[in-house]
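Below is one structure, written out as structure tokens, with a few remarks after it.
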Amino acid sequence: MVILWKFLFINCFIWNLMKMINILWVIVVGLLLTGCYGDEGNYDYRTMNGITVDFNQSFYSVPIETELEISPIFRFAMDSVEDHLAYEWSFLEKVISTDRNLKYVFDTLVSDVLYLKVTDRTSGVSYFGKTNLEITAEYGQNGWVILSEKEGKSSLSFVREYTDRDPISGVTAYTYEEFPDVWKKMNPDVELGKSPLRVVEHFCANQNALSALWVIQRDPEDCVDVSGQSFKKDIALKEAFYNQVFPGDFRPIEIMEMKNISLAVSQDGSIYTRKKTIPALFNSGFYLDIPMDYEGKKLNGKGLLNNRVKQMMFTVLYDYDQHRFLAISDYNMTEAGKVMPINVSENLYKTPGMARLDNTGDMEVLHIGAWYGNGSIEQGYQALMRSPENVYYLYRFTLSSFMLFGPMAVASSVEQQEVKGLENCIEDPSSCLFRTLYARNTPYFIIANGNRLTLFDWKSGVLQTDYYTFEANISAIDTESFGNECVGIGLANGSFCVIDFSRDAVNALKTRLIYKSENDFGNIVDVCYKKQRGADWTF
């Protein structure tokens, strides 16, 4: 009986407990429903009008004391009304403008991030954009350096380049500003010389240092190194030789600056070298007065490739005396200057009778240049060759650098391509200028012959014999602008032009002439695109 009573009591307790839980649950649900019903209309559920802030460029560079103008681009999630927006531009943690479009003159040489805060005053929400900004010296910009002879004297001029890229269409607009004879302005008491030959941009192993310019002249006494920022004289070439004395009958035709070693080539092909005591400086150490040799013979440096696009721990040289390609090491300070054969597997020579890297046979090598290759691990090289039968070939190969019991240059591909029809475009190769365009998107080889530019697309095999015709003969050419889509052309009549080699221009979808100078620069002997930084060269 007791057990039965306990059983009934427990069941009753559980039943009452479940009943109370159900009642409480009904109350809670009711309160929630009532709360939701009572909350209707108390809040504004409008969609936020998000704003994306864009700039025409990810990097801006402006000379000191020159007004910078930036018009940002806003992309709205909904409407594009801007009358309720507030703006705040800041640089170096200081607000410099509250206008929509920035117009500002900077008075300090500095590099930092430029920020723009856009605030929607209706919602109080802020949106941000940023871009990199560098304030440079007066001439510390990208652009074209022009070496010429005018009134019997050497002249160094600068054409500053401005770019404005539309982030939507991707089209870049170019504008230019000319500074004739900038050397004379910056060095009023120093004559540049009378025998201009070449102007060569070079770098040093310092990521923060901008470039310098070797001005090479037939008279070695007139050769000088110039700041790429101020165009002021740094040192004379003579100061880089022991006791400031040039060896023998030294007549420079090329100067190449690598990380650890410098190479100066004389008119007779002799190569003089200096190891840099401080690679982070443009000039350190002294040139030896003994020419470089290889296998017991003086090395002919007339085929030295001065490639300032990429540093692969060596450079390539075509040895005209022995008809072969070699590499000169810059792997480290110990190995710098070591001459190396190029290691190549026999199975890379896929075409019977093709030229070999170690023996080009009876082929005449007219040009050697560099192209993109396969990115950071390999460098591409390209030579223009002519057979005794007057057939022209482009000879391409890619090299990688290794360190195995010493530095090595190893070939990964070799190919030889006939350029059909080129023999009809060239009467005398010695009167032509040849250039290989470097970038991946510009697989072009160009020939300047008289007043005419010829283009060969080595991927498609198409030859354009009349790519562009000028009013005067072409006297100088440089292709090493960023992306290689802009090519600088110096003319014998003193004009300077920039020609478009983008894909659209090559396909005749846009005008090929980008710019023609207003000034007469004299007899132009060389042009050089001033990049200021050596990309991966300095790493």
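If you count the sequence shown from 1, you need to add 1417 to reach this note's numbering. Note that CB positions come from ideal geometry on N, CA and C, so glycine has one too. Keep in mind the model is a prediction, meaning the values are calculated, not measured.
I'd like the list of long-range same chain contacts for N1604, defined as Cβ closer than 8 Å, with 5 residues on each side in sequence excluded. Within the same chain, N1604 has close Cβ partners F1648, K1649 and K1650.
Could you give the distance in angstroms between the alpha-carbon of N1677 and the alpha-carbon of N1791? When only Cα atoms are considered, N1677 and N1791 end up about 25 Å apart.
Would you tell me roughly how many angstroms separate the C-alpha atoms of D1738 and N1717, rounded to the nearest one? So the two alpha carbons sit approximately 7 Å from each other.
Endpoints, the alpha helix (DSSP H) within which W1600 is located: Where W1600 is concerned, the enclosing alpha helix (DSSP H) stretches over V1599 to M1603.
Buried or exposed for G1665, going by 16 or more other Cβ atoms inside 10 Å? exposed
Apart from the five residues on each side of it in sequence, which residues of its chain come closer than 7 Å, Cβ to Cβ, to R1635? S1612, L1614 and R1668
Excluding the 5 residues preceding and the 5 following A1856 in the sequence, name in chain order all residues of the same chain whose CB lies nearer than 7 Å to its CB. Y1789, G1900 and N1901
In angstroms, rounded to a whole number, what distance separates the CA positions of F1430 and G1467? Confidence is the limiting factor: at F1430 the pLDDT is only 46, short of 50, which leaves the residue's position unreliable and the question unanswerable from this model.
I1794 versus N1724: straight-line alpha-carbon distance, rounded: Each residue's alpha carbon lies about 16 Å from the other.
Have a look at T1536 and H1501 and give me their C-alpha separation to the nearest angstrom. 8 Å
Cβ atoms of V1470 and Y1545: under 8 Å apart, would you say? The sequence as given places Phe at residue 1545; Tyr does not occur at that position. A contact, by the Cβ cut-off of 8 Å.
What does the Cβ neighbour count give for I1490, buried or exposed, with the cut at 16 atoms within 10 Å? Within a 10 Å sphere around the beta-carbon of I1490 sit fewer than 16 other beta-carbons, which makes this residue exposed.
Residues sharing a beta bridge with M1780, DSSP: M1780 is not bridged to any residue.
Label A1494 either buried or exposed according to how many other C-beta atoms from any shown protein chain fall within 10 Å of its C-beta, with 16 as the threshold for buried. exposed
Give me the Cα-Cα distance between S1497 and S1540, rounded to the nearest whole angstrom. Taking the straight line from one Cα to the other gives about 15 Å.
Apart from the five residues just before and just after A1800, which ones in its own chain have a Cβ nearer than 6 Å to its Cβ? V1782, I1785 and Y1812
Rounded to the nearest angstrom, what separates V1599 and K1927 at their Cα positions? 33 Å
Span of the alpha helix (DSSP H) holding R1920? R1920 -> alpha helix (DSSP H) spans R1920 to V1923.
Own chain, CB closer than 7 Å to F1851, minus 5 neighbours either side, in chain order: L1783, H1784, L1801 and I1864
Quick test of the definition: if touching needs 3 or more C-beta pairs under 8 Å, does the segment 1825-1845 touch the segment 1862-1882? yes
Find the nearest neighbour of E1888 within the set L1930, T1580, P1860 and P1480, judged by alpha-carbon distance. L1930
With H, G and I counted as helix, E and B as strand and the rest as coil, what does DSSP make of Y1812? strand
If you compare alpha carbons, which of Y1704, E1674 and Q1796 is closest to D1747? Of the listed residues, the one whose Cα sits closest to D1747 is E1674.
Just mark L1721 as buried or exposed, buried being the case when its beta carbon has 16 or more other beta carbons within 10 Å. buried
Extent of the continuous beta strand (DSSP E) run through H1961: No answer is possible for residue 1961: the residues shown for the chain start at 1418 and end at 1956.
DSSP on S1679, reduced to helix/strand/coil? strand
Here's a check: name, in chain order, each residue in its chain whose Cβ is nearer than 7 Å to the Cβ of S1507, leaving out the five neighbours to either side. I1513 and Y1532
Starting from the Cα of E1555, find the closest Cα among D1685, T1525 and E1608 and give me that residue. In this structure, T1525 is the residue among D1685, T1525 and E1608 with its C-alpha nearest to the C-alpha of E1555.
Where does S1848 land, buried or exposed, given buried means 16+ other C-beta within 10 angstroms? By the 16-neighbour rule on beta-carbons within 10 angstroms, S1848 is exposed.
Determine the DSSP secondary structure at E1411, reduced to helix, strand or coil. In the structure displayed, the chain extends from 1418 to 1956; residue 1411 sits before or after that span and is not available.
Classify N1700 as buried or exposed, calling it buried when 16 or more other Cβ atoms lie within 10 Å of its own Cβ. buried
Under 8 Å by Cβ, that's how I've got Y1689 and Y1711 pegged, so tell me the actual separation to the nearest angstrom. Contact doesn't hold; Cβ gap of about 14 Å is too wide.
Cutting at 6 Å between CB atoms, please list the residues of its own chain near L1880, excluding the five before and the five after it. G1838 and F1873
Can you tell me where the beta strand (DSSP E) holding L1509 begins and where it ends? In the DSSP annotation of this structure, L1509 is not part of any beta strand (DSSP E), being labelled neither H nor E.
Starting from L1609, follow the beta strand (DSSP E) in both directions and report where the run begins and ends. No beta strand (DSSP E) contains L1609, which DSSP labels as neither H nor E.
In chain order, which alpha helix (DSSP H) runs of at least 4 residues are fully inside the segment 1643-1705? none
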